[in-house]
Structures are given as C-alpha cells and as structure tokens.
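Counted from 1, the sequence shown has number 111 at position 111 by full-length UniProt numbering; the numbering is strictly sequential.
For glycine and all other residues, C-beta sits at the position ideal for the given N, C-alpha and C.
For clarity, every value in this text was computed on a predicted model and none was experimentally measured.
Here's the structure we're looking at; comments come further down.
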Amino acid sequence: MNPIHLATLLAVLDEGSFEGAADALSLTPSAVSQRIKALESQAGRVLIRRTNPTTATAAGEVLAQAARRMALLQAETDAQLRGRIARVPLSVAINADSLATWFTPVFADVAAWDSATLQLRVEDEAHSLKLLRRGDCLGAVTREHAPVSGCTVSTLGIMRYRAVASPRLRDAYTVNGRLDWAAMPALRYGPNDKIQDSDLTGRVDHPPRHRRISQIPSSEGFVEAVRSGLGWGLVPEIQSAKCLDSGELVLLDERVSIVPLYWQHWRLESPLLQKLTDAVVAAAKESLEPV
Numbered sequence: 001m002n003p004i005h006l007a008t009l010l011a012v013l014d015e016g017s018f019e020g021a022a023d024a025l026s027l028t029p030s031a032v033s034q035r036i037k038a039l040e041s042q043a044g045r046v047l048i049r050r051t052n053p054t055t056a057t058a059a060g061e062v063l064a065q066a067a068r069r070m071a072l073l074q075a076e077t078d079a080q081l082r083g084r085i086a087r088v089p090l091s092v093a094i095n096a097d098s099l100a101t102w103f104t105p106v107f108a109d110v111a112a113w114d115s116a117t118l119q120l121r122v123e124d125e126a127h128s129l130k131l132l133r134r135g136d137c138l139g140a141v142t143r144e145h146a147p148v149s150g151c152t153v154s155t156l157g158i159m160r161y162r163a164v165a166s167p168r169l170r171d172a173y174t175v176n177g178r179l180d181w182a183a184m185p186a187l188r189y190g191p192n193d194k195i196q197d198s199d200l201t202g203r204v205d206h207p208p209r210h211r212r213i214s215q216i217p218s219s220e221g222f223v224e225a226v227r228s229g230l231g232w233g234l235v236p237e238i239q240s241a242k243c244l245d246s247g248e249l250v251l252l253d254e255r256v257s258i259v260p261l262y263w264q265h266w267r268l269e270s271p272l273l274q275k276l277t278d279a280v281v282a283a284a285k286e287s288l289e290p291v
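What follows is the structure, encoded as structure tokens:
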C-alpha cells in the first residue's frame with residue numbers, strides 16, 4: 001500500500017470529511033478524492049463511507065489501524081535517527097471517570113518524553129474498544145478483558161461505584177422511610193453510559209418508561225450536579241469520598257457496582273508504546289483496587 005495514500009485515509013477519517021482532510025494536508029479535495037479512489041482500487045473494496053462525518057468500512061478499519069501503526073513507528077524512527085523532536089501521537093481511548101481520577105499521573109510521565117504527544121478520546125469504557133478496532137487509537141482503557149485482534153491486555157484494577165445524592169434530594173424523595181427510586185431525578189453522563197443505565201436494576205421491580213434524567217457530559221460536572229441536588233447517580237468511591245465525609249453527599253443504599261478495568265493496546269514492538277503501557281499500569285496500581 002502507498003504510505004501517502006494511507007496517510008490520506010487517516011486524514012479523511014480524523015477530519016471527518018474530504019474537505020477537512022484537504023485543508024490538513026494542504027491539498028485540493030479533488031486530490032484527496034483521487035488518492036482514496038486509488039487506495040480503494042488497490043484494496044478492491046470501498047474503504048470510506050461518504051457520510052457526514054466520514055466513517056471507515058470494515059476494510060477501511062483494517063487499513064486505518066495498519067496506517068496508524070506505521071505512523072507511530074515512522075515517528076519513533078525519525079526521532080531516533082535524526083536526533084530531533086518528532087510528534088509521536090499516543091492516541092488513547094479512556095472513560096471520563098478514569099481521566100478525572102487515577103489516570104492523571106500519566107500526564108507527568110508523558111511530559112518527560114520529548115518525542116511524544118498525548119491524544120485522548122473520552123468514551124465510555126464499554127465502547128472504547130470500537131475505537132481500538134477501527135484503528136482510531138493505539139490503546140484503550142476498557143471493561144473488556146478479551147483482547148481485540150492484534151492487541152495485548154493488561155489488568156488495571158477495579159472502580160467501585162456507589163449510589164449517592166445530596167441530603168436534600170434524598171429527604172425530598174423519602175416516603176415513610178423508603179426512597180422513591182422511580183420518581184427521584186437521576187443523572188447520566190451520556191448516551192453510552194451503561195453503568196448509569198442499569199441504576200434501577202434491583203431497586204425497582206418495574207422501572208418507569210419516562211424518568212426525569214439530566215445529562216452531564218463531564219465527570220467533574222457530574223459529581224457537582226449530584227452535589228447540587230440535580231439528581232442522584234452512581235459515582236466512583238475515589239471521587240465521592242471527600243463529599244461523603246463532609247456530608248455534602250449521602251449514600252442511598254449499601255449496594256456497590258464493581259467495574260473491572262483493563263488496558264488494551266496494539267501488539268507492536270514500540271519502545272514508546274511500552275513506556276505508555278508502563279505508565280498507565282503504574283498509575284492504576286496507585287489508585288485502583290486489584291481485580
């Protein structure tokens with residue numbers, strides 16, 4: 001495969017359009033289109049869905065992953081042979097709760113590597129493998145321990161989630177000493193928030209079809225929304241501990257939702273990828289409970 005054509009494929013997928021790729025590559029949209037057509041002709045199949053934004057077909061995902069591996073190795077080689085700083089993009093899919101808590105020490109580690117840049121994609125841990133399969137990232141924090149084809153898995157630890165709310169909200173929806181789970185407003189991080197989607201399982205026999213639910217697409221904002229009484233939610237223990245100690249939040253029951261986390265990354269002989277893996281595993285070991 002022509003490396004230039006593969007790089008163009010990545011640009012179209014990353015920018016979401018042929019026009020965006022043309023701007024990023026300083027080309028005309030026609031030139032980008034010709035490169036993609038040439039690549040598709042060589043592959044013998046359609047690689048990109050001409051949607052808005054553009055997406056990769058199954059065959060396109062295979063080539064995109066290969067292209068990103070080549071780009072990483074090329075950048076590392078440039079840095080080693082030419083003795084200059086090269087942009088080595090370390091693209092990682094991670095869930096918002098991990099990013100807001102245990103993952104932050106990784107920033108300091110990457111900052112010490114002159115040749116690296118870190119690109120994070122925030123995604124629910126149950127969906128991050130989609131990015132890995134498509135080749136959109138080289139590593140992912142995920143709930144899935146079964147390795148994606150071509151990837152290696154490392155165990156990180158577990159996150160424990162508890163149902164919490166403000167004292168005012170709890171009291172407002174307590175009737176005769178029992179919580180009215182079905183009526184109490186709840187919170188979601190986003191449409192792929194599988195942890196919160198199961199919040200009523202085992203708490204209400206027949207969950208209502210229509211509930212008062214607010215969506216807060218930020219881990220820190222989610223905790224603040226719970227603290228402010230906008231709704232109740234399942235919050236990681238390591239994130240809610242201080243508010244529970246101060247009385248700003250209260251536990252709604254004794255149930256604990258346990259989410260095991262794993263680090264999946266490409267099976268690639270890359271010193272920089274190995275350093276990133278070591279940094280992620282070390283950060284998890286400092287804050288997470290072992291599986």
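With T101 and P207 assumed to form a contact (beta carbons below 8 Å), what rounded beta-carbon distance in angstroms separates them?
No, T101 and P207 are not in contact; Cβ-Cβ is about 29 Å, not under 8 Å.
Output the boundary residues of the alpha helix (DSSP H) element that contains P167.
Segment 167 to 172, the alpha helix (DSSP H) holding P167.
Rounded to whole angstroms, what is the Cα-Cα separation between E220 and E144?
The alpha-carbon atoms of E220 and E144 are separated by roughly 25 Å.
So, with DSSP's three-state summary, where would you put I216?
Reduced to three states, the DSSP call for I216 is coil.
As a quick exercise: from I195, V223, D180, pick the residue whose alpha carbon is nearest that of R212.
Ranking I195, V223, D180 by Cα distance to R212 puts D180 first.
Consult DSSP for I139 and reduce its assignment to one of helix, strand or coil.
The question names Ile, but residue 139 in the sequence shown is Gly. Of the three classes helix, strand and coil, the one that applies to G139 here is strand, per DSSP.
Helix, strand or coil for P3, going by three-state DSSP, please let me know.
Helix.
Using the Cβ count rule (16 or more neighbours within 10 Å means buried), how would you classify I4?
Classification of I4: exposed, given that the 10 Å Cβ count is below 16.
Output needed for V110: all residues of its chain with C-beta closer than 6 Å, excluding positions within five of it in sequence on either side, in chain order.
Closer than 6 Å at the Cβ level, and outside the excluded window around V110, lie A116, L118.
Look at the alpha carbon of T201 and the alpha carbon of G150, and state the distance between them as a whole number of angstroms.
Cα to Cα, T201 sits roughly 36 Å from G150.
Counting Cβ pairs, one atom from each stretch, are 3 or more of them under 8 Å apart for the segment 146 to 166 and the segment 266 to 284?
Touching, yes, given that three or more Cβ pairs across the two stretches are closer than 8 Å.
Using 8 Å as the threshold, is the segment 127 to 145 in touch with the segment 226 to 236, meaning 3 or more CB pairs across them?
Not touching, per the Cβ criterion.
With a threshold of 7 Å on Cβ separation, who are the neighbours of A24 within its own chain once the five nearest residues in sequence on each side are excluded?
Hits under 7 Å: A11, E15.
With 16 as the cutoff for other CB atoms within 10 Å, does F107 come out buried or exposed?
Exposed.
Where does the unbroken alpha helix (DSSP H) through R134 begin, and where does it stop?
128 to 134 is the extent of the alpha helix (DSSP H) around R134.
Would you give the residue range spanned by the alpha helix (DSSP H) that P105 belongs to?
105 to 111 is the extent of the alpha helix (DSSP H) around P105.
Buried or exposed, going by whether 16 or more other CB atoms sit within 10 Å of the CB of Q65?
Q65 comes out buried.
Going along the chain, which unbroken runs of the beta strand (DSSP E) with 3 or more residues stay wholly within the segment 236 to 288?
If we require 3 residues or more, the beta strand (DSSP E) runs fully inside the segment 236 to 288 come out as 257 to 266.
Label T174 either buried or exposed according to how many other C-beta atoms from any shown protein chain fall within 10 Å of its C-beta, with 16 as the threshold for buried.
So T174 ends up on the exposed side.
Decide if M159 is buried, meaning its Cβ has at least 16 other Cβ atoms within 10 Å, or exposed.
M159 comes out buried.
How long is the line joining the alpha carbons of R121 and D193, rounded to whole angstroms?
Answer to the nearest angstrom: the Cα atoms are 15 Å apart.
Considering only DSSP beta bridges, list what M159 is partnered with.
Partner(s): V259.
Using DSSP bridges, identify the partner residues of G233.
DSSP output for G233 lists V164 as bridge partner(s).
Per the DSSP calculation, L179 is bridged to which residue(s)?
Per DSSP, T174.
Should H145 be flagged as near chain E, meaning a C-beta pair shorter than 8 Å?
Given the protein chain composition of this structure (a single chain), no chain E is represented.
Closer than 8 Å by C-beta to G83: which residues in its own chain qualify, once you throw out the five before and the five after it? Chain order, please.
Interpretation of G83 is limited by its pLDDT of 47, a score under 50 that renders its predicted location unreliable; no figure is taken from the coordinates.
For G247, does the count of other Cβ atoms within 10 angstroms reach 16, so buried, or fall short, so exposed?
Exposed: under 16 other Cβ atoms inside 10 Å.
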